[in-house]
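Protein chains in written order, with the working numbering: chain A, -11 to 101; chain B, 5 to 116.
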């Protein structure tokens, strides 16, 4: 069984559209994250949710909004997509504590035309 | 902010040799460093964690060191194999919460 899954795998859309990326983990973890990996392969934290509460919100445009319907899901909604949003987005989960390892999903490659 | 630097973008070595990857950090020492492996088109996969008070950690052919004086961690793969070819990411505990702060990674290519 896949520990952390994301859908869709690929997403191609036009500028100005609104899109969502879904993430689910079946590990029973308390904390989930969204990372953005740009064309230079730099992996940067965007959001973190712990027990349905946002605990990290880096300097991310408010066009991006995480939504967590329950502990196992953390979806990423993006409004008014821009060319610069093109990247690979990774979801990850962690059991808890500051030293636990993170388990990453397979990534969603977003291309904005 | 705390930076993680992996200065070598790419490293090519011959099969059977030891690969050594470098990770440097700025300012204060993190409580721990983690190393991940990322294959093309996939998410990072955890390999090893080393704490500030640990000098060295081993797992099979992998070895990680933590030098708080040099502010550096070294990641070694002994008896390297072509299957070890991947990008290796170093990460530290982030500035806020529990988020990891990743380096840009080093792309390792092991040739037969």
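C-beta: ideal position from N, C-alpha, C; glycine also.
These numbers were taken from a predicted model, which means no experiment stands behind them.
Collapsing the DSSP output to three states places residue 75(A) in a strand. Rounded to whole angstroms, the separation of the alpha carbons of residue 28(A) and residue 108(B) is 8 Å. In this structure, the alpha-carbon of residue 27(B) lies about 18 Å from that of residue 89(B). For residue 28(B), the enclosing beta strand (DSSP E) starts and ends at 23 to 29.
Residues of chain A whose Cβ lies closer than 8 Å to the Cβ of residue 66(B) do not exist, since the nearest Cβ in that chain is about 14 Å away. Relative to residue 69(A), the option among -3(A), 1(A), -6(A), 43(A) whose CA is nearest is 1(A). Against residue 94(A), the close residues of chain B are 45, 46, 47, in the order they occur along the chain (beta-carbon pairs closer than 9 Å). Contact between the region 79 to 93 of chain B and the region -2 to 17 of chain A is absent, with fewer than three C-beta pairs closer than 8 Å. Below the 8 Å Cβ cutoff, chain B contributes no neighbours of residue 74(A), its closest Cβ being approximately 16 Å away. Residues of chain A whose Cβ lies closer than 9 Å to the Cβ of residue 108(B) are, in chain order, 28, 29, 30, 31. The beta carbon of residue 77(A) does not come within 8 Å of any beta carbon belonging to chain B, so the residue lies off that interface. Neighbours of residue 37(A) across chain B, judged by C-beta separation under 9 Å, do not exist; the nearest C-beta is about 10 Å away. Counting along the chain, residue 99(A) sits inside the beta strand (DSSP E) bounded by residues 96 to 100.
The residues 6, 8, 29, 34, 36, 37, 38, 104, 105, in chain order, have a CB closer than 8 Å to that of residue 96(B) in the same chain once the five nearest residues on each side in sequence are set aside. Runs of the beta strand (DSSP E) spanning 3 or more residues and lying entirely within the region 1 to 26 of chain A occur at 7 to 13, 19 to 25, in chain order.
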